[in-house]
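First comes the structure, then the notes that go with it.
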Amino acid sequence: MNKKVRVRFAPSPTGGLHLGGVRTVLYNYLFAKKHGGDFLVRIEDTDQSRYVAGAEEYIFDTLRWCGLEPDESVQHGGNYGPYRQSERKAGYRQYAEKLVTDGHAYYAFDTPEDLEKMRHDFKTEQNHSPQYDHTVRMKMQNSLTLSANEVKALLDAGTRHVIRIKMPVNETVSFTDMIRDEVSFNTSLTDDKVLLKADGMPTYHLAVVVDDHLMEISHAFRGEEWLPSAPVHILLWKYLFGLDNMPQWAHFPLILGPNGKLSKRDGAKYGFPVFSMNWTDPKTNELTEGFKEKGFLPEAFINLLALLGWNDGTEKEIFSKEDLIESFSMERVHSAGAKFDYEKAKWFNHEWVKRLAIGNLQSAVKPLLDEKGIVVTDDALLANVIALVRDRCVLLPDFVQQSSFFFAAPDTLDVGAVKPKWNDDKKNFFLAYIEKVQPLTDWNAIALETSFKELAGEKNIKAGDLLFLFRMMLVGGKFGPPVFNITELLGKDETAERINRAIILFA
RNA sequence: GGCCCGUUCGUCUAAGGGUUAGGACACCACCCUUUCACGGUGGUGAUACGAGUUCGAAUCUCGUACGGGCUACCA
619 MNKKVRVRFA PSPTGGLHLG GVRTVLYNYL FAKKHGGDFL VRIEDTDQSR
669 YVAGAEEYIF DTLRWCGLEP DESVQHGGNY GPYRQSERKA GYRQYAEKLV
719 TDGHAYYAFD TPEDLEKMRH DFKTEQNHSP QYDHTVRMKM QNSLTLSANE
769 VKALLDAGTR HVIRIKMPVN ETVSFTDMIR DEVSFNTSLT DDKVLLKADG
819 MPTYHLAVVV DDHLMEISHA FRGEEWLPSA PVHILLWKYL FGLDNMPQWA
869 HFPLILGPNG KLSKRDGAKY GFPVFSMNWT DPKTNELTEG FKEKGFLPEA
919 FINLLALLGW NDGTEKEIFS KEDLIESFSM ERVHSAGAKF DYEKAKWFNH
969 EWVKRLAIGN LQSAVKPLLD EKGIVVTDDA LLANVIALVR DRCVLLPDFV
1019 QQSSFFFAAP DTLDVGAVKP KWNDDKKNFF LAYIEKVQPL TDWNAIALET
1069 SFKELAGEKN IKAGDLLFLF RMMLVGGKFG PPVFNITELL GKDETAERIN
1119 RAIILFA
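Pasting the structure below:
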């Protein structure tokens, strides 16, 4: 009998979601959906001192933008709540106490100063940072070294204390990671991690295990940075709920920047976003630009993230969310870290710009035009324009440059560039062209081009020069789609108007 | 320092004992195109190093080097 697949994403609300974080959500989500399971989001806010206002909402905004809505969370409800660890505080202590009773953990009364002194006293050249482990615990103030009466007296007096796990000496803890296969550790080398803090809050170590059990998590996936503390979690599962009930683990590789671990600084330094959406740290007021605001489509964003450390074994690279759900498998996630490549990220966006339904593009582009004060009254025209220019747009803001002249005549013409090529013959050509195309009943690019070339032949003027001038009249610059396609969309009246206006300016 | 994880073109990766080591991004060239792109064709370019196992190793083993992570009453 198979346990129902339930996976969780457990962010701490301490800042914006960077690439690695979003990829972790993505893989969790894909795995859950692939196996018809539940995807839940649990907020790990047991360290209130690090809690940043707005960060929790930011996380959910990102999930919404990416289309990775959880089945259960603070915002979505569910039967396993509360989904904020700070609201579950009352429950954790009993598990820690049980560990003490069973001899797997102990009370420790050491003050921060005691700990500092310990680190100083035991520091050697061989050991830069001594840990609170089996070699030092019998020299500290705890329920292992103090008599039962002393401990009781301290507890009764309300002395501040923590509960630490008592790591066994020289045992091997191993587990099967879905990505790395068997990973093993010697228990002597991990320290006696704090499980319950002096303020009564659990640390991450206790909280993940207890919550994963209570929320019936079947698969626990997280970043590689958690690998070193995995033995603590395995042991906790063994002591508390049994190894048979433990979820399956997978540790994702890190996403790297140009020099090592990807950081906010890399983004600023190399000019690419590292956060999903704009994030303004309320403490420092520092703004970090997001992929969304930079002009990435969510479809492209999850696509590029999914392929940063995973592939389906074929040469396919463009995956919709549905494709990803179908093809995803944890076994094919890489074990090595992947360096983020912004050029490739833009390529993914371009691919999605080229293939997304016009309607979706339209709703993404319209607000950008609005922002620039470009009023679109004709949605059908916008749709045609988008279809015409999408191939030359990589990021969404490119659409503004490529399409604004369809909706408003260019306010500046590069008169300087035109002057040397301008003369009365050319002027007469364009006036004649207006006349020539006036009677056209089928106003389309091909007919317009044919007429244009016929007339140029009659007047004996090189088409090349004329084309350049025509583009300047309509667009105001040396860019945009083929000039007769522009003319077609602009329409008869607007075309004549722009030609006449330009003739005056060029004179 | 200790522990853990990792190492195929510049980058993302395929190839789970036998391939001219394949694809994509980027780059270069040509074609298409009287703008800029798209597109098409082709090209440069990689198994970190050293041993071992094997008829045969990118692939298995060991060592070395390099990279990364962890080493808090943070997650």
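Position one of the first sequence corresponds to residue 619 (this note's numbering), numbered consecutively onward. The beta-carbon is built from N, C-alpha and C at its ideal position, and this holds for glycine as well.
Item                                                                                                                                                                                         : Value
Would the segment 961 to 970 count as touching the segment 914 to 930 if we require 3 or more Cβ pairs under 8 Å?                                                                            : yes
Leaving out five residues on either side along the sequence, give the residues of the same chain with a beta carbon under 6 Å from the beta carbon of Y647.                                  : F657, L686
Sorry if obvious, but does the Cβ on P916 come closer than 7 Å to a heavy atom of the ligand GDP?                                                                                            : What this structure holds is no ligand at all, so the ligand GDP is not there to describe.
Tell whether a beta-carbon distance below 8 Å holds between G875 and S881.                                                                                                                   : yes
Distance, Cα to Cα, E731 vs W844?                                                                                                                                                            : 27 Å
Once the 5 residues before and after E662 are set aside, which same chain residues still bring their CB inside 6 Å of it?                                                                    : A628, S630, Q703
Do you know offhand how far F793's Cα is from H851's?                                                                                                                                        : 11 Å
How long is the line joining the alpha carbons of P820 and F893, rounded to whole angstroms?                                                                                                 : 29 Å
So what does DSSP say about F870, is it helix, strand or coil?                                                                                                                               : strand
Got a sec, what are the start and stop residues for the alpha helix (DSSP H) R840 sits in?                                                                                                   : Where R840 is concerned, there is no enclosing alpha helix (DSSP H), although the beta strand (DSSP E) it sits in stretches over 837 to 841.
Return the first residue and the last residue of the alpha helix (DSSP H) that I1079 is part of.                                                                                             : No alpha helix (DSSP H) holds I1079; DSSP gives it neither H nor E.
What is the DSSP secondary structure of K1110, counted as helix, strand or coil?                                                                                                             : helix
Taking the C-alpha atoms as reference points, what is the distance between S765 and P688?                                                                                                    : 49 Å
Here's the rule I'm using: 16 or more other beta-carbon atoms within 10 Å means buried, otherwise exposed. How should R755 be labelled?                                                      : buried
Starting from the C-beta of M736, find all residues in its chain whose C-beta is less than 8 Å away, skip the five residues before and the five after it, and write them out in chain order. : D728, P748, Y750, V754, K757, M758
Determine the direct distance from the alpha carbon of N929 to that of L1058, and round the result to whole angstroms.                                                                       : 54 Å
Taking only the alpha-carbon atoms, compute the straight-line gap between M619 and A886 and give it to the nearest angstrom.                                                                 : Residue placement at M619 is flagged as unreliable, the pLDDT there being 45, under the threshold of 50; a coordinate-derived value is accordingly withheld.
Can you check which of these residues, S945, R1010, G818, L1123, is closest to E705 by C-alpha distance?                                                                                     : G818
I want to know whether the segment 977 to 997 touches the segment 946 to 965 - three or more CB-CB distances under 8 Å.                                                                      : no
List the DSSP bridge partners of L814.                                                                                                                                                       : I781, P820
Using CA coordinates, which residue listed in R624, A816, L1031 is at the minimum distance from D830?                                                                                        : R624
Quick one: what does DSSP say K879 is sitting in, helix, strand or coil?                                                                                                                     : strand
Starting from the C-beta of T777, find all residues in its chain whose C-beta is less than 7 Å away, skip the five residues before and the five after it, and write them out in chain order. : F727
When you compare the segment 1106 to 1116 with the segment 1036 to 1044, are there three or more beta-carbon pairs, one atom per stretch, that lie closer than 8 Å?                          : no
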